[in-house]
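What follows is a short report on a single structure.
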Amino acid sequence: MSVVTIERKVLEKNDSLAAANRERFARSGLLALNIVSSPGAGKTTLLEATIEQLRHHLRIAVVEGDVQTDLDAQRVARYGVPVVQIVTNGGCHLEAGLVAEALDRIDLDAVDLLLIENVGNLVCPANFDLGEAMKVVVLSITEGADKPLKYPAMFRNASVLIVNKVDLLPYVNARIDEIERYARQINPRLLIFKTAATTRLGIEEWCDWLSSRLTAGHA
Ligand SMILES: Nc1nc2c(ncn2[C@@H]2O[C@H](COP(=O)(O)OP(=O)(O)OP(=O)(O)O)[C@@H](O)[C@H]2O)c(=O)[nH]1
Ligand SMILES: [Mg+2]
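Each residue of the sequence shown is one higher than the one before, starting from 25 at the first, in this note's numbering.
Put into structure tokens, the structure is as follows:
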């Protein structure tokens, strides 16, 4: 009983901090994305490909969330964009308060697109709003088509699904139509892109859509 109460309090506190983050994003006129997936689905590779494609048109900054190490931040820093690493020290998701601290180290008025890479985990990050405009869930085809059914909260709370590693289709027992069907069963409004982040397949379509969101004022 007390556990439930504590959990509710934690979530309420997180929601109010997320609302404050959202106000900061609105004041700076930036679009913030919360990128979630299981470990290794390709979040950082997607970030690298997105930055490579858009950095000459948009001012991009990155917040990296990891349980341990700043390896992903090092990868992203190579592209010359501001990046802040949050190490959760075992925590399985980012929280709005941690993101707020990271934001203090970024000149938000000089940013159009803020990419927040969450800790690799299909469960915990689903419940923690960071103040983002939307959650983008990355699912690689090697994980199995049943993942939207088994981890529905993540897919229900996301606006975009990126089906990644499609270059491996010839070698893996996976069907994209099945992934799409299960994902839409959980969330009919999901916008779906198919990518191979390593070869940059599908990245242009994803980036064109992102750019159009920014020109439309995040509508
Ligand atoms: N074949 C193939 N491999 C990919 C693709 N995208 C990423 N990878 C590989 O998958 C592995 C994990 O990619 P990351 O981008 O580090 O995944 P991540 O989701 O950021 O991982 P965590 O941050 O640890 O959760 C790396 O070896 C990538 O090179 C893809 O589209 N196709
Ligand atoms: Mg990563």
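The beta-carbon is built from N, C-alpha and C at its ideal position, and this holds for glycine as well.
Note that the structure is predicted; figures quoted are calculated from it, not measured.
DSSP state of residue i mapped onto helix, strand, coil
{"i": "residue 77", "result": "helix"}
{"i": "residue 34", "result": "helix"}
{"i": "residue 190", "result": "helix"}
{"i": "residue 49", "result": "helix"}
{"i": "residue 130", "result": "coil"}
{"i": "residue 215", "result": "strand"}
{"i": "residue 146", "result": "coil"}
{"i": "residue 183", "result": "coil"}
Rounded separation between residue i and residue j - CA only
{"i": "residue 182", "j": "residue 156", "result": "11 Å"}
{"i": "residue 223", "j": "residue 34", "result": "41 Å"}
{"i": "residue 127", "j": "residue 135", "result": "11 Å"}
{"i": "residue 137", "j": "residue 75", "result": "10 Å"}
{"i": "residue 103", "j": "residue 97", "result": "10 Å"}
{"i": "residue 164", "j": "residue 131", "result": "33 Å"}
{"i": "residue 202", "j": "residue 169", "result": "6 Å"}
{"i": "residue 84", "j": "residue 71", "result": "10 Å"}
{"i": "residue 49", "j": "residue 118", "result": "17 Å"}
{"i": "residue 2", "j": "residue 192", "result": "No answer is possible for residue 2: the residues shown for the chain start at 25 and end at 243."}
{"i": "residue 227", "j": "residue 82", "result": "15 Å"}
{"i": "residue 231", "j": "residue 113", "result": "32 Å"}
{"i": "residue 161", "j": "residue 179", "result": "7 Å"}
{"i": "residue 220", "j": "residue 29", "result": "43 Å"}
{"i": "residue 159", "j": "residue 101", "result": "22 Å"}
{"i": "residue 68", "j": "residue 32", "result": "31 Å"}
Buried/exposed call for residue i, threshold 16 Cβ in 10 Å
{"i": "residue 147", "result": "exposed"}
{"i": "residue 173", "result": "exposed"}
{"i": "residue 37", "result": "exposed"}
{"i": "residue 109", "result": "buried"}
{"i": "residue 61", "result": "buried"}
{"i": "residue 95", "result": "exposed"}
{"i": "residue 125", "result": "exposed"}
{"i": "residue 195", "result": "exposed"}
{"i": "residue 239", "result": "exposed"}
Identified DSSP bridge partners for residue i
{"i": "residue 89", "result": "110"}
{"i": "residue 56", "result": "138"}
{"i": "residue 159", "result": "58"}
{"i": "residue 220", "result": "225"}
{"i": "residue 164", "result": "188"}
{"i": "residue 84", "result": "137"}
Beta-carbon separation (whole angstroms), residue i vs residue j, contact threshold 8 Å
{"i": "residue 190", "j": "residue 225", "result": "7 Å"}
{"i": "residue 122", "j": "residue 140", "result": "Residue 122 to residue 140, Cβ: 10 Å. No contact."}
{"i": "residue 90", "j": "residue 111", "result": "6 Å"}
{"i": "residue 229", "j": "residue 217", "result": "6 Å"}
{"i": "residue 207", "j": "residue 166", "result": "Wrong, their Cβ atoms sit about 16 Å apart, outside the cutoff."}
{"i": "residue 144", "j": "residue 66", "result": "At roughly 10 Å, the Cβ-Cβ gap does not stay under 8 Å, so residue 144 and residue 66 are not in contact."}
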